[in-house]
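Residue numbers (the numbering used here): 678 to 844.
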């Protein structure tokens, strides 16, 4: 039994001898440069601006809000532009009733008092800010259908405003 065991050990050790590595003669070191360039970036998602059901158009201001949520690189500076929508006339934003070809004036503002119109002229009527260290920002858009607007027929009125984020 001892002979069998010695023979088995010899057979197991033989492949290890055949694949043994040669001894190293020395060692050298160097550097491997590693780099990355992070570019500023932002994306924007907006909630819907919904004025809800209106029973007496023009009797009083109808106010609502929407939230623009930005995802940017950390601490990125941004400036947000809003165009005049798909149905403007002379710079006035208008909701359109596609069936009846009627329009309902409205506007979007930068402030809760709805005194500063939000537009698309960089540095004049846009909203500027800086993302957090986590790269997030949340901006409120304040909508208003003003009192005194012309009466319109019942139905659905819609518009689409393009939001542009410069960073």
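We treat Cβ as the ideally placed atom computed from N, Cα and C, and that holds for glycine.
Asked, Found
"Between the CA atoms of residue 705 and residue 803 - distance to the nearest angstrom", "59 Å"
"Assigned secondary structure, residue 679 (DSSP; H/G/I helix, E/B strand, else coil)", "Residue placement at residue 679 is flagged as unreliable, the pLDDT there being 48, under the threshold of 50; a coordinate-derived value is accordingly withheld."
"Beta strand (DSSP E) segments (min. 3 residues) lying fully within the stretch 698–733", "719–723"
"Under 8 Å between C-beta atoms of residue 838 and residue 721", "no"
"Residue burial classification, residue 816 (beta-carbon count within 10 angstroms, cutoff 16)", "buried"
"Residue 750 and residue 717 closer than 8 Å at C-beta", "yes"
"Beta-carbon contacts of residue 782 that lie in its chain and below 6 Å, excluding the five residues immediately before and after", "769, 771, 826"
"Among 799, 752, 702, 834, nearest to residue 822 - alpha-carbon criterion", "834"
"DSSP state of residue 844 mapped onto helix, strand, coil", "coil"
"Short Cβ contact (8 Å threshold) for residue 759 with residue 796", "yes"
"Residue 737 vs residue 813 beta-carbon contact at 8 Å", "no"
"Contact set for residue 765: own chain, Cβ-Cβ below 7 Å, skip 5 residues either direction", "771"
"Residue interval of the beta strand (DSSP E) (run including residue 826)", "It is not in any beta strand (DSSP E) - residue 826 carries neither H nor E in the DSSP assignment."
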